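So the structure is just underneath, and the comments pick up after that.
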C-alpha cells in the first residue's frame, strides 16, 4: 500500500511532500502511519477500480435525494442485490441538446461501488492508522487530473483515457462534462516481453471502446485518445494507435504536474497523485459510506451548531430589547399607578378616619347602653312594693344591689303579723302573690320564712312570719 | 508545545471574528441584559405592591362613603348625649349640688353626701369603655394609620373614669322613693350600686351608693 502527501507548489501545480510504501512489519502486521504525517481532514483513499462502474442515465428534474434514490434503484436492478449493497456518488449535468437529449432532462453520471469492497479497503487503511474521509476509484481521480492537466482536451468533446499502471490498467471514455464508461484492461501477461503484441491488443480494446461509446445512449464521438502510465507500454500504444484512425493520440505524463525529490518512477503513483490533486482542487467524489466518512453527521452537525449558535446568540439581544421594552411599559404603569394612588390617598385617608370614628361611635353607644341608660326603675318598684304591702306587712329592710352585667337584685326582708300563725302565713302568702305580679320584678327563688310566736306590748298573743324574698329587677329601665 | 507562530497560524480571521462576537456577547449580557432583567424583576415587585395598594385604597374609598354617612347622620346627636351623660370634667360639685337640691325638693333633711373610694371589684374601675386604641383596636388603628394615614387625633374619647359617692339620710319611705325617682332628672349618667332602706322608728334610713362617670383624661 502506498501513502503520499501532496501540497501546492510554486513552479508546478503540485508538490509531493512525501511518499511512503507501507510494508509488513516483523510480526507480519503492516506498519502504521505516524499521526503527525496525516492531516486531519484532507485524506483520501484510492479504491481499486475493478468493482466500480459508471452509470450514466438521463433523469427528469428532481432533487439530489431523489436522484440518489433513483440511481440506487437502477444499480440494484442492473447489478443485482439490494440497494444497500451499492454505494453511489454522482454528478449532474444538463442536457445540452448535442446528443439529442432535451434540455429539460438531466444527465446524471453515477459511480457505483460494491459496499463490501469499499468497506474492506477502508478497513485496510484503518489498519495502518489511516482514517480517510473520502474514497474514489483511480479512474475518477485520473479523469479529474486530466481536466486539470489537459483542460483543452477534456473540454473539447469526446476523449478516451488509457492508463497503464503497475497494478491497475483501465480506460475510460468521457466528454466535456462527465465520464461515459470505464473498462478494466487486461494486464500484460508477458511481463513486458511482448510489448508490441500487448500494444496491439490494447489498441483493439481502445477501438472497441470508442465504437461502443458512439453507440451508447449518451453517445460520445471520441476525438482524443490520451495515454498515460508505464512509459514504454504507453509509447508502444501511442505508436500503434497513431496510424489507425483520425484520432488525436496524446502521450500524457500526469506525473509532470508534480514536483518531487525523485521524479523517476513517479508514474507508478499516478492514481494516488491524481486523487491527492483532486482533493486539493476541491473535487468531490466520495464512495465512502456516510457512517465512515462522517459526512452525514457533519452537515447536520454544522446546521445544528449554526442554529444553536444563532439561537444562543440571539438570546442576549432579545433579552436586552425585550427587557428594555418591558421596563418602559412597567415604568408607564408605575407612573399611572402613582397618580392613581395620589388620587385615592385623600379619599382613603378620609374613609379610614370615618371608619375609626364609626368604631368610636359604636363604643360610645355601648357606654351609653351600659352606664347611661341602664338605671333601673327603682322608684316605680319601690312604689309598687308599697302599694302591694298590706298594713300587716312590716318591712324591716329593702336592699338593692347592682347586678353588674346582670339585672340588679332586690332583697326584701320583713314580717307579717297576725293573731295566729295561719293568719300570718295567709297574709304573707297574699303579699307574696301580689309581689309576684309586680311589674319589673322577677322572683329569684323561693322565699325563706320563719314563724315566730310571741306577746306584744299590749299583752296580746301575736304570731309573726319573718320572710326574706329575693328578686331581680328586670324590664325596661328608662325612667 | 506548539510554537507561538503555529498557534497564531491557527487563529484564522473567522476564528478571531467568532471570538470577538463571543466576547461582545458576554459583555452585552453582563452589562446590558442582566441589569435590565434585574430591573424588570424589581419593577414587577413594585407593580404588585402598587396594585395591592390601589385595590385596598379603592375598597376603603368605596366603603368610606358609607362610613361618612353614618358619621354625618349619627355622630352629632350621639355625641351630644354622650357628652351630657359622660362629661369631660368630673363636675363633682355640680353633681353634689344637684343631688342636694333634689333631696331638698323631696323634703329630705340631714342629707349626707360624700365621695368614697372605689375598691377594685371588677366593676367601676377606671378605663371603662372601649377605645379605638384598645387591645384589639390598636392593631386596627395602627394598620389604618400605616396604610391610609388615618387621622386619629380628632377621635372622641371613649374611655371613662368612674367615681363613687355615698348618700345617707333619714326620711319617710315615700320621700325616699320620690328621691330615687328624681335621680333620673340628673342630666348625667348615674348608676345605683346599692340602695339600702332600713326601717327605723321614724321612717326609714336610706343608704345609697351611686357611680358617676367622666371622660378619660390623660
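Chains as they are written, first to last, in the working numbering: chain B, 1 to 479; chain L, 1001 to 1218. C-beta: ideal position from N, C-alpha, C; glycine also. Just so it is clear, the structure is predicted and the values come from calculations on it, not from any experiment.
Here the C-alpha atom of residue 255 of chain B lies approximately 11 Å from the C-alpha atom of residue 230 of chain B. Pairing residue 87 of chain B with residue 289 of chain B gives a Cβ-Cβ distance under 8 Å.
Taking 8 Å as the threshold, the shortest C-beta distance from residue 401 of chain B to chain L falls below it. Beta-bridge analysis with DSSP links residue 14 of chain B to B/8, B/258. Nearest to residue 328 of chain B by C-alpha distance, out of L/1043, L/1200, L/1072, is L/1043.
Listed along the chain, the chain B residues whose CB falls inside 7 Å of the CB of residue 1155 of chain L are 356, 357, 360. Taking 8 Å as the CB threshold, residue 1011 of chain L stays off the interface with chain B. In this structure, residue 414 of chain B lies away from residue 463 of chain B, with their beta-carbon atoms at least 8 Å apart.
By the Cβ-count criterion, residue 1059 of chain L is exposed, with fewer than 16 other Cβ atoms from all chains shown falling within 10 Å of its own Cβ. Residues of the region 1167-1197 of chain L with a C-beta less than 9 Å from any C-beta of chain B: 1173, 1174, 1176, 1177, 1178, 1179, 1180, 1181, 1182, 1183, 1184, 1185, 1188, 1189, 1190, 1191, 1192, 1193, 1194, 1195, 1196, 1197, listed in chain order. Between residue 120 of chain B and chain L, the shortest Cβ-Cβ separation is not below 8 Å. Fewer than three beta-carbon pairs drawn from the region 1087-1104 of chain L and the region 380-394 of chain B are found closer than 8 Å, and the two stretches are therefore not classed as touching. Beyond the five residues adjoining it in sequence on each side, residue 447 of chain B comes within less than 7 Å, by CB distance, of 432, 467, 468, 469 in the same chain, given in chain order. With the criterion set as a beta carbon lying under 8 Å from some beta carbon of chain B, the members of the region 1032-1055 of chain L are 1032, 1033, 1036, 1037, 1039, 1040, 1043, 1044, 1046, 1047, 1050, 1051, 1053, 1054, in sequence order. Beta-carbon to beta-carbon, residue 1064 of chain L and residue 351 of chain B are separated by about 2 Å, close enough to satisfy the 8 Å threshold. Here DSSP, grouped into helix, strand and coil, assigns residue 1194 of chain L to strand. Per DSSP, the beta-bridge partners of residue 1199 of chain L are L/1204. For residue 320 of chain B, the three-state secondary structure derived from DSSP is helix. When DSSP reads this structure, residue 1215 of chain L sits in a beta bridge with L/1160. Apart from sequence neighbours up to five positions away, the residues of its chain that approach residue 1107 of chain L with a beta-carbon distance below 6 Å are 1175, ordered along the chain. For residue 1215 of chain L, the CB contacts under 6 Å within the same chain, skipping 5 residues up- and downstream, are 1086, 1088, 1157 in chain order. Boundaries of the beta strand (DSSP E) harbouring residue 159 of chain B: 158-164, taken from the DSSP string.
Taking the Cα positions, residue 1073 of chain L is about 19 Å away from residue 369 of chain B. Interface flag for residue 396 of chain B against chain L is set, since a Cβ pair is found closer than 8 Å. The Cβ atoms of residue 55 of chain B and residue 75 of chain B lie closer than 8 Å to each other.
Here the region 231-248 of chain B makes contact with the region 193-206 of chain B; the two share three or more CB pairs at distances below 8 Å. Here residue 358 of chain B is buried, its C-beta having at least 16 other C-beta atoms within 10 Å. Per the coordinates, the alpha-carbon of residue 249 of chain B lies some 21 Å from the alpha-carbon of residue 188 of chain B. The residue among B/416, B/404, B/13 with its C-alpha nearest the C-alpha of residue 1211 of chain L is B/404. If you draw a 10 Å sphere on the C-beta of residue 1202 of chain L, you find fewer than 16 other C-beta atoms in it, and that means exposed. Closest option to residue 126 of chain B, judged by alpha-carbon separation, among B/45, B/305, B/4, B/339: B/45.
Nearest to residue 267 of chain B by alpha-carbon distance, out of B/252, B/62, B/60, is B/252.
Of all residues in the region 1066-1080 of chain L, the ones placed with a Cβ closer than 8 Å to any Cβ belonging to chain B are 1067, 1068, 1070, 1071, 1074, 1075, 1078, 1079, in chain order.
Residue contact with chain L for residue 337 of chain B: present (Cβ-Cβ distance below 8 Å to some residue of chain L). In terms of beta-carbon proximity, residue 471 of chain B stays away from the interface with chain L, with every pair separated by 8 Å or more.
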